[in-house]
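Visitor: Counting the sequence shown from 1 gives a position; my numbering is that position plus 390. Glycine included, each C-beta is placed from N, C-alpha and C at the ideal position. This structure is in structure tokens; I'll ask about it shortly.
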Amino acid sequence: MLVDHPDVAARVRAIIGDDPVLLGLDGVSGEATSLLLDVLTEGALLVIYGYMSGEPFTPDQAVLRAKITTTEFWMYEDTYLPRHPALSAESAQLVADGRLTLPSAPVYRAKDFAKALAYLRKNGKVLLDFNPHRV
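This is the structure in structure tokens:
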């Protein structure tokens, strides 16, 4: 995780090299979305699910030329809320049947992001701990 900074795209590229970034998850919107878009690879999907900045996201022409698809997901909208109980029940049944599993993964502190990324590339999953006070 990198914080808002004008050179965030260059900092991300320094960490991940030329690996493609095909999915962006944006819970902030506004100016932060533009910084996230600078990191995404052509053909990527950007899912906007939050509005913490209070600012709207308005894609510029560069985004449209980069062929990045943007979509919004608001799970607490009236269209999704009625589906929550059934989806929760279905998920619970899948877990009970052993058809839905979530393998455990090692937890890395945010300061050890490079190690976490190396593990992720080899094994496919990590968890990041952003609490600086956890022992």
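What does a CB cutoff of less than 7 Å around Phe384 pick up in its chain, not counting 5 residues either side in sequence?
Guide: This structure cannot settle anything about residue 384, because the visible part of the chain is limited to 391 through 525.
Visitor: Using only the alpha-carbon positions, how far apart do Leu517 and Thr469 sit?
Guide: For this step, residue 517 is matched to residue 127 along the sequence shown. For this step, residue 469 is matched to residue 79 along the sequence shown. Distance between the alpha carbons of Leu517 and Thr469 is about 31 Å.
Visitor: Would you tell me roughly how many angstroms separate the C-alpha atoms of Leu510 and Ala400, rounded to the nearest one?
Guide: For the purposes of this step, residue 510 is taken as the residue at position 120 of the sequence shown. For the purposes of this step, residue 400 is taken as the residue at position 10 of the sequence shown. Distance between the alpha carbons of Leu510 and Ala400: 21 Å.
Visitor: Return the CA-CA distance between Gly417 and Ile406, expressed in angstroms with no decimal places.
Guide: Here residue 417 corresponds to residue number 27 of the sequence shown, with the count starting at 1. Here residue 406 corresponds to residue number 16 of the sequence shown, with the count starting at 1. Approximately 22 Å, taken between the alpha carbons.
Visitor: In chain order, which beta strand (DSSP E) runs of at least 3 residues are fully inside the stretch 496–521?
Guide: DSSP runs (the beta strand (DSSP E)) wholly in the stretch 496–521: 497–499, 517–519.
Visitor: Buried or exposed: Leu425, going by 16 or more other Cβ atoms within 10 Å of its Cβ?
Guide: Here residue 425 refers to the residue found at position 35 of the sequence shown. It counts as buried.
Visitor: Determine the contact status of Leu436 and Thr460, defining contact as a CB-CB distance below 8 Å.
Guide: For the purposes of this step, residue 436 is taken as residue 46 along the sequence shown, with counting starting at 1. For the purposes of this step, residue 460 is taken as residue 70 along the sequence shown, with counting starting at 1. In this structure, Thr460 lies closer than 8 Å to Leu436 by Cβ.
Visitor: Would you mind working out which of Val525, Met442, Tyr441, Ile458 sits nearest Val411, comparing C-alpha positions?
Guide: As a position in the sequence shown, residue 411 is number 21, starting the count at 1. Among Val525, Met442, Tyr441, Ile458, the Cα nearest to that of Val411 is on Ile458.
Visitor: Tell me which residues share the same chain as Val398 and place their Cβ nearer than 8 Å to its Cβ, disregarding the 5 neighbours each side in the sequence.
Guide: For this step, residue 398 is matched to residue 8 along the sequence shown. The answer, listed in chain order, is Leu392, Leu425, Asp428, Val429.
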